[in-house]
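Numbering (this note's numbering), first residue to last: 329 to 466.
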């Protein structure tokens, strides 16, 4: 999501520290889980710790969508989010049925966010390619 609007600049200022917190939480929790044998509440906290910044990223994206005044940018963002949602739901639904039948192994639930982001990125690439081919944006 590249935007030179005021909302886009605020988005970047929020997104970078939130993703930095995710990297720190992920590596820190993984390290602690491997080097210690946490039990009970400590295990729960370490297990959920990397999810908190991901929830923050979703909030940052939502804020950007609400704050963005440029309708064109907002429509493209919503289109990309819907493309990501379509990819995520398609893959997780098909995977779930194949997993239930014993065809595929279990996929951790956190892959849903990864698939959603990948779908958003692919949708943005398709939109940019479509614009380039049609000559839009010139």
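Beta carbons: idealized from backbone N, C-alpha and C, even for Gly. From a predicted model like this one, the values you see are computed outputs, not experimental measurements.
Next item on the list: Report back the beta-carbon spacing between residue 447 and residue 422 to the nearest angstrom; my notes put them in contact at under 8 Å.
Entry: The residue labelled residue 447 in the question sits at position 119 within the chain shown. The residue labelled residue 422 in the question sits at position 94 within the chain shown. With 8 Å as the limit, residue 447 and residue 422 do not qualify as a contact, their Cβ atoms being about 14 Å apart.
Notebook entry, point to check: Given a threshold of 16 other Cβ atoms within 10 Å of its Cβ, counted over all protein chains shown, does residue 433 qualify as buried or as exposed?
Noted result: As a position in the chain shown, residue 433 is number 105, starting the count at 1. Around the Cβ of residue 433, a 10 Å sphere holds fewer than 16 other Cβ atoms; the residue is exposed.
Next item on the list: Could you check the C-alpha separation between residue 425 and residue 359 for me, to the nearest Å?
Entry: By one-based count along the chain shown, residue 425 stands at place 97. By one-based count along the chain shown, residue 359 stands at place 31. Spanning the two alpha carbons is a distance of roughly 33 Å.
Check: In chain order, what residues of the same chain have a beta carbon less than 6 Å from the beta carbon of residue 386, not counting five sequence neighbours either side?
Finding: In the chain shown, counting from the first residue as 1, residue 386 sits at position 58. Shown here for residue 386: not one same chain residue has a beta carbon closer than 6 Å to its own, the five before and five after excluded.
Next item on the list: Could you check the C-alpha separation between residue 382 and residue 366 for me, to the nearest Å?
Entry: Locating residue 382 in the chain shown gives position 54, where the first residue counts as 1. Locating residue 366 in the chain shown gives position 38, where the first residue counts as 1. So the alpha carbons of these two residues sit roughly 23 Å apart.
Note to self: For residue 450 and residue 356, I'd like the C-alpha separation in whole angstroms.
What the structure shows: Within the chain shown, numbered from 1, the residue matching residue 450 stands at position 122. Within the chain shown, numbered from 1, the residue matching residue 356 stands at position 28. Taking the straight line from one Cα to the other gives about 30 Å.
Item checked: Where residue 431 sits in the DSSP three-state scheme -> Translated into the one-based positions of the chain shown, residue 431 becomes position 103. When DSSP states are grouped into helix, strand and coil, residue 431 belongs to the coil group.
Check: What is the rounded straight-line gap between the Cα of residue 412 and the Cα of residue 404?
Finding: Counted from its first residue, the chain shown places residue 412 at position 84. Counted from its first residue, the chain shown places residue 404 at position 76. If I take the Cα positions, the gap works out to 12 Å.
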